[in-house]
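Residue numbers (the working numbering), protein chains in the order written: chain G, 1 to 304; chain R, 1001 to 1304.
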């Protein structure tokens, strides 16, 4: 089986809601196509920054199918499919694999805290076995600041040993470079693909054997982030990296998801894009103005 | 509208799984009827100890309907209906209200951490408005050790002011009596019904204006806990309380949900009851033996 393995810059595509809080598939597909045309190699739809867990399983399935039937190749999709309920994870994963997605990005079940490595192993194991499809490429999603349930190195080791074909890599959103480095050192040489969870670590990740990044701000700054990926072996890589790190620093002064939606709403002249589902709250108009002004000062343009 | 308001001892009924991890409605209804016959005034089905978040929405709906059609009055049911996704919370809540359930116990959306009071207010507000049924009695579920998203006193105040009929009370599973006391002091006199989240605080809760407890260990020790509720004004209330506190202390030396299932499996001579869904792991047989032996020493009997 020949597989095109995901790498480069992937965006956890933000999910548009109408004013009545219903998901908007048209805007979603438009944004997806824009991202792919502007530097993203693929889309980790239904990530944390997609408000995935604020969507029902049916809403996620319908949105993913809409993408595939509206100009987005499944080879460019790595949807989030990890839920608290095993049955939901199995259903979403089987659906994504059935559509031919390049991979799935899988959160651990995140309601219970302090769960054992054995319990997490059983969770991923049950999903892999129940989906039972050789096409499955599973990327583990390590995001302890939000999920509060980490993916430890011994757990990765155990999963890789048992499912060397299905377990394809990891997104590290710990914000802790030492952790990313440890995962790279332990597994990168065996073909386990590590994505940095923020473009701040993109260059370091590439230099230590990683394959790219899956980052929130790729939703608004894909071209510049892609330039770092393309040029990571070049002499000006550090300068390019410093630029995207600076842009990220401006955005993350604000709550990330509302900030991304505010930038997109402003950049596309489409105010409804700013809508978020509770428990999130959109930026105030003052915050939006301030963020926009600061990005202008930085010479940042959404459509570039 | 005359309503029978829940009070007394409610069990977050544990959910039985078969060895293949599918939910078992027959065992579930049998356990529910046993609880109601042995001291429970009602069942907070689909609570934390029910592994509710390890079930899909469809599984929860099917199990709840099975209870109602198999001898459990909806007047004795307060199912958990709070999910990460607004649309799931609305669907489960509308379903429970439609069945005539006495109330619903609602977690805040628990994926995003550090969310604002405004965001949580909007979440509960949207659920109440979208369900749009005067029969809705919503109990807020405060369990910061697990959900990591608290229900603050200012949030309760704001919800009560806007929805005085729908917002009926709170279960406090903070494990912090000072918090329970603050909620009681602030709202109990206005008819806001506070349940302690553990029977350890049952007597204190009753003495300060609370209405009962919703506690994990009510799954295995309902009669003794009910005796405290019945006798809380009597001279021997403290002695009765000390007994149930001691039993609880034995059980909670072990991971709570696997321990409860182990006790039920042993007491009913039904080993399949010990099954849990990942990410939980059942007790080892050594742990099970030890727990059983220690409960025997305490003179504890499941069927009493």
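Glycine included, each C-beta is placed from N, C-alpha and C at the ideal position.
* To do: Note down, in chain order, each residue of its chain lying with its Cβ closer than 7 Å to the Cβ of residue 1121(R), except the 5 sequence neighbours on either side.
  => Counting from one through the second chain, the residue named residue 1121(R) turns up at place 121. Here the set comprises 1155, 1158 and 1159.
* Asked: From residue 109(G) to residue 1279(R), what does the alpha carbon distance come to, in whole angstroms?
  -> The count along the first chain starts at 1 and reaches residue 109(G) at position 109. The count along the second chain starts at 1 and reaches residue 1279(R) at position 279. The alpha-carbon atoms of residue 109(G) and residue 1279(R) are separated by roughly 7 Å.
* Any idea if residue 1234(R) is buried or exposed, counting beta-carbon neighbours within 10 angstroms, 16 or more meaning buried? -> Walking along the second chain from the start, residue 1234(R) turns up at place 234. Residue 1234(R) comes out exposed.
* Pull up the distance between the alpha-carbon of residue 1149(R) and that of residue 301(G), whole angstroms please. => Within the second chain, numbered from 1, the residue matching residue 1149(R) stands at position 149. Within the first chain, numbered from 1, the residue matching residue 301(G) stands at position 301. Distance from the CA atom of residue 1149(R) to the CA atom of residue 301(G), rounded to whole angstroms, is 36 Å.
* To do: Quick one: grab the DSSP three-state call for residue 168(G).
  => Numbered from its first residue, the first chain carries residue 168(G) at position 168. Assignment of residue 168(G) by DSSP, reduced to helix, strand and coil, places it in the strand class.
* To do: Could you pull out every residue in the same chain whose Cβ sits closer than 7 Å to the Cβ of residue 1101(R), ignoring the five residues on either side in sequence?
  => The residue given as residue 1101(R) occupies position 101 in the second chain. Cβ within range, chain order: 1074, 1077, 1078 and 1079.
* Would you mind giving the Cβ-Cβ distance between residue 195(G) and residue 169(G), rounded to the nearest angstrom? I have them listed as a contact below 8 Å. => For the purposes of this step, residue 195(G) is identified with residue 195 of the first chain, where counting begins at 1. For the purposes of this step, residue 169(G) is identified with residue 169 of the first chain, where counting begins at 1. With a Cβ gap of about 7 Å, residue 195(G) and residue 169(G) count as contacting.
* Asked: Are the beta-carbon atoms of residue 165(G) and residue 183(G) separated by less than 8 Å?
  -> Stepping through the first chain from its first residue, residue 165(G) is reached at position 165. Stepping through the first chain from its first residue, residue 183(G) is reached at position 183. No; because the gap between Cβ atoms is not below 8 Å, this pair is not in contact.
* Asked: When the Cβ atoms of the segment 260-270 of chain G are set against those of the segment 225-244 of chain G, are three or more pairs found closer than 8 Å?
  -> no
* To do: Examine chain G for any beta-carbon lying closer than 8 Å to the beta-carbon of residue 1110(R), and answer yes or no.
  => Taking the first residue of the second chain as position 1, residue 1110(R) is located at position 110. Yes, its Cβ sits closer than 8 Å to a Cβ of chain G.
* To do: Please check if any C-beta of chain R sits within less than 8 Å of the C-beta of residue 85(G).
  => Here residue 85(G) is taken as the residue at index 85 of the first chain, counted from 1. Interface flag for residue 85(G) against chain R is set, since a Cβ pair is found closer than 8 Å.
* Asked: Hey, out of 7(G), 135(G), 51(G) and 193(G), whose CA is closest to residue 22(G)'s CA?
  -> Taking the first chain and counting its residues from 1, one reaches residue 22(G) at position 22. Answer by Cα proximity: 51(G).
* **Beta-carbon proximity list for residue 8(G), same chain, < 8 Å, skipping 5 on both sides** => Indexing the first chain from 1 puts residue 8(G) at position 8. The residues 40, 41, 42, 211, 212, 226 and 229, in chain order, have a CB closer than 8 Å to that of residue 8(G) in the same chain once the five nearest residues on each side in sequence are set aside.
* Asked: Would the beta-carbon of residue 283(G) fall within 8 Å of that of residue 220(G)?
  -> For the purposes of this step, residue 283(G) is taken as residue 283 along the first chain, with counting starting at 1. For the purposes of this step, residue 220(G) is taken as residue 220 along the first chain, with counting starting at 1. Taking 8 Å as the Cβ cut-off, residue 283(G) and residue 220(G) do not qualify as a contacting pair.
* Asked: Going along the chain, which residues of the segment 1128-1154 of chain R sit with their C-beta nearer than 9 Å to a C-beta in chain G?
  -> So the close ones are 1145, 1146, 1147, 1148 and 1149.
* To do: For residue 11(G), collect the residues of the same chain with a Cβ closer than 6 Å to its Cβ; drop the 5 residues on either side in sequence, then sort them by chain order.
  => Here residue 11(G) is taken as the residue at index 11 of the first chain, counted from 1. Taken in chain order, the residues that qualify are 35, 40, 43, 218 and 219.
* To do: Using the Cα positions of residue 189(G) and residue 140(G), report the straight-line distance between them to the nearest angstrom.
  => Residue 189(G) sits at position 189 when you count from the first residue of the first chain. Residue 140(G) sits at position 140 when you count from the first residue of the first chain. Roughly 17 Å between the two C-alpha positions.
* To do: Please list, in chain order, all residues of the same chain as residue 1216(R) whose beta carbon is under 7 Å from its beta carbon, the five residues on each side excluded.
  => Counting from 1 along the second chain, the entry for residue 1216(R) is found at position 216. Only 1012, 1049, 1256 and 1260 meet the Cβ criterion.
* Using a Cβ-Cβ cut-off of 6 Å (strictly less than) and excluding sequence neighbours within five positions of residue 1002(R), which residues of its own chain qualify? -> The count along the second chain starts at 1 and reaches residue 1002(R) at position 2. Only weak support is given to the placement of residue 1002(R): the predicted model assigns it a pLDDT of 41, under 50, and the value that follows is read from those uncertain coordinates. Within the same chain, no residue comes within 6 Å of residue 1002(R) by CB-CB distance, once the 5 residues on both sides are set aside.
* Asked: For chain G, is any of its Cβ atoms less than 8 Å away from the one on residue 1281(R)?
  -> Stepping through the second chain from its first residue, residue 1281(R) is reached at position 281. With 8 Å as the cut-off, residue 1281(R) counts as an interface residue toward chain G.
* chain R contact for residue 113(G) (CB, 8 Å cutoff) -> Looking up residue 113(G) in the first chain gives position 113. By this cut-off, residue 113(G) is an interface position.
* Would a C-beta distance cut-off of 8 Å place residue 66(G) and residue 25(G) closer than the cut-off? -> The sequence position of residue 66(G) within the first chain is 66, counting from 1. The sequence position of residue 25(G) within the first chain is 25, counting from 1. Their beta carbons are under 8 Å apart, which means residue 66(G) touches residue 25(G) by this criterion.
* Asked: residue 1090(R) to residue 1292(R), Cα distance in whole Å?
  -> As a first step, residue 1090(R) must be located in the second chain, where it is residue number 90. As a first step, residue 1292(R) must be located in the second chain, where it is residue number 292. So the two alpha carbons sit approximately 41 Å from each other.
* Three-state class that DSSP yields for residue 1010(R) in the structure shown -> Position 10 of the second chain, counting from 1, holds the residue named residue 1010(R). The answer is strand: DSSP assigns residue 1010(R) an E or B state.
* How would you call residue 136(G), buried or exposed, if buried means at least 16 neighbouring beta carbons within 10 angstroms? -> Walking along the first chain from the start, residue 136(G) turns up at place 136. With 16 or more neighbouring CB atoms inside 10 Å of its own CB, residue 136(G) falls in the buried class.
* So, is residue 4(G) buried or exposed, given that buried needs 16 or more other C-beta atoms within 10 angstroms? -> Walking along the first chain from the start, residue 4(G) turns up at place 4. It is exposed - the Cβ of residue 4(G) has fewer than 16 other Cβ atoms within 10 Å.
* One or two residues paired with residue 141(G) in a DSSP bridge -> Indexing the first chain from 1 puts residue 141(G) at position 141. Answer is 171(G).
* **Host beta strand (DSSP E) of residue 196(G) (start-end)** => In the first chain, the residue the question calls residue 196(G) occupies position 196. Run containing residue 196(G): 193-196, per the beta strand (DSSP E) assignment.
* To do: Tell me where the alpha helix (DSSP H) around residue 1119(R) begins and ends.
  => Here residue 1119(R) is taken as the residue at index 119 of the second chain, counted from 1. Under the DSSP assignment, residue 1119(R) falls in the alpha helix (DSSP H) whose first and last residues are 1117-1131.
* Is there at least one Cβ from chain R nearer than 8 Å to residue 53(G)'s Cβ? -> Against the first chain, residue 53(G) aligns to sequence position 53. Yes, contact with chain R.
* To do: Grab me the residues of residue 1250(R)'s own chain with a C-beta within less than 8 Å of its C-beta, minus the 5 sequence neighbours each way, in chain order.
  => As a working note, residue 1250(R) is residue 250 in the second chain. So the qualifying residues of the chain are 1291, 1294, 1295, 1298 and 1300.
* With DSSP run on the structure shown, which of helix, strand or coil describes residue 1067(R)? -> Residue 1067(R) sits at position 67 when you count from the first residue of the second chain. Assigned with DSSP and collapsed to three states, residue 1067(R) falls in helix.
* Give a yes or no on whether the minimum CB-CB distance between residue 1074(R) and chain G is below 8 Å. => For the purposes of this step, residue 1074(R) is taken as residue 74 along the second chain, with counting starting at 1. Taking Cβ atoms only, chain G never reaches closer than 8 Å to residue 1074(R), which makes this a no.
* At least one CB of chain R closer than 8 Å to the CB of residue 292(G): is that the case? -> Working through the first chain from its first residue, we reach residue 292(G) at position 292. Under the 8 Å criterion on CB atoms, residue 292(G) is classed as non-interfacial with respect to chain R.
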